[in-house]
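Student:
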Amino acid sequence: GQLVRQEWTKADEHLAQLVAVAQDAHADVREYILGSRAGRTAEVEFLPSLEEYLQRFQATYGIAVSLEVAPEIKALAVEPMTGAQLLRILQESLTNVARHSQASECSISLRLLRDGSLQLRVRDNGVGAPPGALSQRETLGVIGMKERASSLGGSLTITSQQGRGVCITAILPWPK
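Reading the sequence shown from the start, the letters are residues 9 to 184 in our numbering.
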């Protein structure tokens, strides 16, 4: 009897692992579809593409997203390469929010700093991470975001406090 119970316990554990892997794969596919749709229109207009992506993100994950765009940015045309990289950084940021944060809401802001560079900030109200945890386990997504920011001559930082969410800040040079 005990042997049979052990086998069932092992089978349950394996099944739970398979379910987790399948859910991750499903999330990856869903995110790829969301991202590839937004990427297709990135060359057209940055802000409409961004707003469309955020609407789909909210509908897919049920996380409320607010977007604040400084008026001076609304008036500027975004270079297609910069717009595409910005969208990808945002998409990866929101993928992390959806997968890891347990957040109910997320705020995004785009503004110009005094030196003329662009600041993109993504902040969630999720569980956050203990000090040092983020630097210890940089995911491929985080590495990718940092590389994208760097390729535009900018930088990306991630700050977090346990129980108080995560804040991702990208600062990029902004063509006049």
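Using N, Cα and C, we set each Cβ at its ideal position, and we do this for glycine too. As the structure is a prediction and not an experimental result, all values here were calculated from the model.
Can you give me the C-alpha to C-alpha distance between Ala-178 and His-22, rounded to a whole angstrom?
Tutor: On the sequence shown, residue 178 is found 170 positions in, with the first residue counted as 1. On the sequence shown, residue 22 is found 14 positions in, with the first residue counted as 1. So the two alpha carbons sit approximately 40 Å from each other.
Student: Leaving out five residues before and five after Gly-152 in sequence, what residues of the same chain have Cβ atoms less than 7 Å from its Cβ?
Tutor: One-based indexing of the sequence shown puts residue 152 at position 144. Taken in chain order, the residues that qualify are Glu-100.
Student: Using CA coordinates, which residue listed in Pro-56, Met-89, Ala-83 and Gln-110 is at the minimum distance from Ile-71?
Tutor: For the purposes of this step, residue 71 is taken as residue 63 along the sequence shown, with counting starting at 1. The residue with the shortest Cα to Cα distance from Ile-71 is Gln-110.
Student: With DSSP collapsed to three states, give me the class of Asp-20.
Tutor: Your numbering for residue 20 matches position 12 in the sequence shown. Reduced to three states, the DSSP call for Asp-20 is helix.
Student: Can you tell me the Cα-Cα spacing of Ser-112 and Gly-134, whole angstroms?
Tutor: Your numbering for residue 112 matches position 104 in the sequence shown. Your numbering for residue 134 matches position 126 in the sequence shown. Straight-line Cα distance between these residues: approximately 7 Å.
Student: Taking the runs of the beta strand (DSSP E) that are 3 residues or longer, which of them lie wholly in the stretch 103-172?
Tutor: Taking only runs of at least 3 residues, the beta strand (DSSP E) segments lying wholly in the stretch 103-172 are 113-120, 126-132 and 163-168.
Student: In three-state terms, what does DSSP make of Ile-81?
Tutor: Here residue 81 refers to the residue found at position 73 when the sequence shown is read from its first residue. Looking at Ile-81 - three-state DSSP - the assignment turns out to be helix.
Student: What residue range does the beta strand (DSSP E) around Val-174 cover?
Tutor: Residue 174 sits at position 166 when you count from the first residue of the sequence shown. Taken as a continuous stretch (DSSP letters only), the beta strand (DSSP E) holding Val-174 covers 174-180.
Student: When DSSP builds the beta bridges, which residues end up paired with Val-73?
Tutor: As a first step, residue 73 is located in the sequence shown; it is residue number 65 there, counting from the start. Per DSSP, Cys-114.
Student: Sort Glu-59, Gly-171 and Pro-79 by Cα distance to Gly-136 and report the nearest one.
Tutor: Position 128 of the sequence shown holds residue 136. Residue Gly-171 is the option with its Cα nearest to Gly-136.
Student: By how many angstroms is the C-alpha of Arg-131 removed from the C-alpha of Thr-165?
Tutor: Taking the first residue of the sequence shown as position 1, residue 165 is located at position 157. Taking the first residue of the sequence shown as position 1, residue 131 is located at position 123. Cα to Cα, the separation comes out at about 12 Å.
Student: Going straight from the alpha carbon of Ser-168 to that of Ile-176, what length do you get?
Tutor: By one-based count along the sequence shown, residue 168 stands at place 160. By one-based count along the sequence shown, residue 176 stands at place 168. Going by the C-alpha atoms only, they are around 9 Å apart.
Student: Between the alpha carbons of Thr-90 and Val-105, how many angstroms are there, rounded?
Tutor: Sequence index remark: in the sequence shown, residue 90 carries index 82 (1-based). Sequence index remark: in the sequence shown, residue 105 carries index 97 (1-based). Each residue's Cα considered, the two are about 23 Å apart.
Student: Would you say Glu-59 and Leu-75 are within 8 Å of each other, going by their C-beta atoms?
Tutor: The residue labelled residue 59 in the question sits at position 51 within the sequence shown. The residue labelled residue 75 in the question sits at position 67 within the sequence shown. A contact, by the Cβ cut-off of 8 Å.
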